[in-house]
Amino acid sequence: MGAVRRDLTGARSGDRRHRELPHQVGVTFVAAVRADRLDSLRALLAEMGGDPAGNAHIPFGRVGGIHYARFFLLEPTADLAGNAIPGELFFMVDFDSPIPARLDNLLTAGAGWEEILGHCEGFAGTGVDACKKFFREHTVRDAAYYVNTVGLSVDQVRLESSLREALEQLVDGSPELQSLDPAAIRAKLVDFVRGTPALEVSLEAAQPPEPAWQLRELGHLLLVPVVGLILLPLLLVAIPLWLVALRLHERADVESAEKPQPAHLGDLEAIEDFGPVNQFTAVGFIKPGWFRTMTARTVLFLVNFGARHIFNHANLAGVKTIHFARWTFFDGGRRVVFASNYDGALESYMDDFIDKVAWGLNAVFSNGVGWPATRWLLWGGARHETAFKNFLRVHQAPTQVWYSAYPTLTALNIANNSAIRAGLRGGEDERSWLSRL
Amino acid sequence: MAIATVNLEVADIQGLVVSGYRRLAAADYVLLRIADPDRARRWLGKIAPRVTNASAPVTTTGVNLALTATGLERLGLDQEAMSTFPAEFVEGMATSHRSRMLGDVGDSAPTSWRWGGDGGHAVDVLLMLFAVDAATLGQLRADQPLDSASGLEEIATLHSTDLGGREQFGFNDGISQPTIAGLGRPAPDRDLIQPGEFVLGYTNEYGLLPPSPSVRGRDIGRNGTYLVFRQMRQDVAAFWNFAAASGDGEPEKLVAKMVGRWTSGAPLVMAPDADQPNLSSFNDFAYHALDSDGVRCPIASHVRRTNPRDSLDPAPGSDRSVALVKRHRLLRRGREYGPPISSAPGGPRPPLADDGQDRGLHFICLNANLVRQFEFVQATWVASPKFAGLYDDADPLIGARDAAGATFDVPATPLRHRLHNLPRFATVVGGAYFFLPGIDAIRRLAAP
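So the sequences go chain by chain: U and B.
Letter by letter, the first sequence follows residues 1 to 437 of the numbering used here.
Letter by letter, the second sequence follows residues 438 to 885 of the numbering used here.
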């Protein structure tokens, strides 16, 4: 925290670029685990999970720029054709850019990497370089990645949280403020911030991410519709055919009636609701055949487009409780993992899904085996409450190690803190701004 | 949404589902353990025809009956049958995960419960007896063959107290209740709830039939529901003395801010500055248009978070917001216990000496889906300090205070007031989840 503040305040008089916010990047690692090392890995992950921020193996709390990180182990299983799939170790992290430097810090933090990766198939060699090489080779691309607020860095989240706490304490201790008018109160609060070195930087606007990245995003935003337009004649022919094929598939689909086993439920509940933010990891097979694979990849491409360009500011189609989320294909595209960090209990998360974004979930997950029956991709599905909730629990995988940089802040808290900071410079009318405290 | 007429099978539904039996002022809750399953089944068969159903209003007495998961197991339901009940019912209220979620921590942890917790005193059967007066209740109780021949052992009898519509802190209580659609009772649309939210076998607010348990493939849930029982001890002296110490000379206003209604029952949204006893049973109001920022009725207040009406995201003030809240409603059927701390006509006022008496609420609610209704309301709205964008504000009236820095935010213009270090005023001292079967289901459970 001290280092953070020094950096931010140090930047005030120095190079402007230091205050440009990073963008956020998800990195996903997956590797097969040697069958004879599964027990050892389970024990190691359990130990790390007891203290994600400070454990001796990889102390995530001492690596800068990490919002969330998790390790989870998928137990050995078989695919739909009965072929064996080995146990697989996943590592996922939500980083602030620049990535090469962040990854470097992460992979050199603690001696745990060599120990952990030593459980994986194909890891030979020793030392940091071997770890980096193995990690790089086993990094997979996420099909879709959601960031609650693009550009909001860990440092900024913490700064704005400190700002809000300081202002709340000031108001608690200053009953005389009650007799002033709102404009005068704001002026007093601004004076206080100006006189507090650790907070002074929050008087300036948070800078948007680096121009080169913004340009790339703009390019993506424009390019995709342009390509879509070019392909339009083709799409106009393809979409009706696709719809017919979709309905045929949907009629043939089999909905799972499986309920979660009590022991499985117990494993999941044992690591939930220790604070206001929870992790969620779920894994499933894509329905066999190229049609569902193609549909899933197309939908996730569109989800990713929406997350990057539309739902990039604290609101995912009405859901305001998700910090980060991703969908990733693995096992040669046979399986998909969905992982997220969300606020509140799982029940409220699932109800939000049904009430607000059932169509979006259907579009993605109805390509997975066992999803409640859908109609025309978007209807039905998650709206079958019991079948949907059972499906999620059955497919959920325990997350053995889960780290959060700000475990006491919900997404709504973070957004409100940012608005408090923004209001120091005016903008929002005083009365409404003061009601944020 | 127009609600089609539903024919509820009232003769098979226990009377408690459709009525709190207000005219039956006396009530006992008998907590029982099944010692001998064969005898208990015979007892169940004998009591089945005497269980009060919903076909007619009660007159002098009422008898209702519910069972826990362990009770059903002892009666002989096998694993296959038990697996058709919802996991939360089978696991019970006292798991460590559930305790974290529900705020049953510290002094309220199940390890120290008097009954239902993990310190023993597991309950199998809940027998609820109601009568017009104490004498009639005594007779009703004497009529129950609860000797060893019944195969039942009494764990405790919880007596209730009639405080004339007030609860122990002194507030007019039970004003806001959902109304089951299909019973032909008038209610604002906001409170008219599909029967499947409260009775198994009927359409719920998702337009679906709630999942129903079965025995040997045959539905046994129909016309039944789930009953949540939590015994909450209330520290009335601490509550009012805190209000006196922190309320800037207006303790009644502070407690009104905590509850969201004045002690008379008048809602703060309609009576923001002073109590208006003429609004004591007023319930047809919403939050968003009049009070989106909580300056009248704090966001953190008890009634605003237990029934947020139209105030929640994604579209506060809209039908969509109301529809969302309709999926999290509870039929409250609780009663007070213990002597009132004060006999003053207006209820307790500070200063109050702690008389050491045990008093509080036998909180009882009915719902068809324990997780989506009771647990959601308790965990996401009551116990969570993060409700609706708050930071450290668990329910000021009944919330847990495990975390340091628990606050109560009272929005005001130009600046909010913020109270620190609220004591915990309500402690959970017992509780369990029960299945309240239909009458026919009771008969079938009685069959070997």
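Ideal Cβ placement from N, Cα and C applies to all residues, glycine included.
Bear in mind that the values here come from a model prediction, so they are computed numbers and not experimental data.
In this structure, residue 166(U) lies near residue 196(U), with their beta-carbon atoms less than 8 angstroms apart. Contact of residue 278(U) with chain B is not assigned, every C-beta pair being separated by 8 angstroms or more.
Rounded to whole angstroms, the gap between the alpha carbons of residue 47(U) and residue 55(U) is 8 angstroms. As computed with DSSP, residue 466(B) is found in a beta bridge with 565(B) and 595(B).
In the same chain as residue 706(B), and ignoring 5 residues on each side of it, the C-beta atoms closer than 7 angstroms to its own belong to 722, 724, 727, 728, 733 and 734, in chain order.
Exclusion of the five residues before and after residue 570(B) leaves 462 and 463 as the residues of its chain whose Cβ lies within less than 7 angstroms of its Cβ. As DSSP reads the structure, residue 451(B) sits in a beta bridge with 490(B). Boundaries of the beta strand (DSSP E) around residue 402(U): 401-404.
The beta-carbon separation of residue 506(B) and residue 519(B), rounded to 7 angstroms, stays under the 8 angstroms limit for a contact. Within the same chain, and ignoring the five residues on either side of residue 320(U) in sequence, the residues whose Cβ sits closer than 7 angstroms to its Cβ are 314, 411 and 412. Given a length threshold of 4 residues, each whole run of the alpha helix (DSSP H) inside the stretch 233-274 of chain U is given here in chain order: 262-269.
The stretch 325-342 of chain U and the stretch 154-171 of chain U do not touch, with fewer than 3 CB-CB distances between them shorter than 8 angstroms.
Bridge pairing for residue 105(U): absent [DSSP]. Per DSSP, reduced to three states, the secondary structure at residue 340(U) is strand. Residue ranges of uninterrupted beta strand (DSSP E) with 3 or more members, entirely inside the stretch 295-331 of chain U and ordered along the chain, are 322-330. Distance from the CA atom of residue 448(B) to the CA atom of residue 638(B), rounded to whole angstroms, is 14 angstroms. Residues of chain U whose Cβ lies closer than 9 angstroms to the Cβ of residue 816(B) are, in chain order, 273, 344, 345, 347 and 348. Look at residue 375(U): its C-beta is not under 8 angstroms from any C-beta on chain B.
Nearest neighbour of residue 526(B) by Cα position, chosen from 548(B), 640(B) and 509(B), turns out to be 509(B).
At least one beta carbon of chain U lies nearer than 8 angstroms to the beta carbon of residue 524(B). When the beta-carbon positions are compared, residue 878(B) and residue 617(B) stay at least 8 angstroms from each other. Residue 814(B) sits buried, since 16 or more C-beta atoms from the chains shown fall within 10 Å of its C-beta. The count of Cβ pairs closer than 8 angstroms, one atom from the stretch 142-154 of chain U and one from the stretch 806-826 of chain B, stays below three, leaving the stretches out of contact. Counted as a single uninterrupted DSSP element, the alpha helix (DSSP H) harbouring residue 48(U) occupies residues 38-49.
Residue 850(B): not part of any beta strand (DSSP E); DSSP gives it neither H nor E.
Within the model, the alpha-carbon separation for residue 214(U) versus residue 207(U) is close to 12 angstroms. For residue 812(B), a Cβ of chain U is located within less than 8 angstroms of the residue's own Cβ. Contact check for residue 457(B) and residue 881(B): beta-carbon distance about 27 angstroms, past the 8 angstroms limit, so the pair fails to qualify. For residue 396(U), none of the residues of chain B pass the 8 angstroms Cβ criterion, the least Cβ distance being about 13 angstroms. If you draw a straight line from the Cα of residue 268(U) to the Cα of residue 808(B), it comes to about 16 angstroms. The beta carbon of residue 478(B) sits closer than 8 angstroms to those of 512, 513, 588, 882, 883, 884 and 885, all from its chain and outside the five residues before and after it, given in chain order.
Residue 873(B) is positioned such that its CB atom lies closer than 8 angstroms to that of residue 663(B). Looking at the DSSP output, residue 282(U) shares a beta bridge with 338(U) and 396(U). Between the stretch 58-77 of chain U and the stretch 393-409 of chain U, the count of C-beta pairs closer than 8 angstroms reaches three or more; the two stretches touch. The continuous alpha helix (DSSP H) containing residue 169(U) extends over residues 154-172. In this structure, the beta-carbon distance from residue 111(U) to residue 59(U) does not fall below 8 angstroms.
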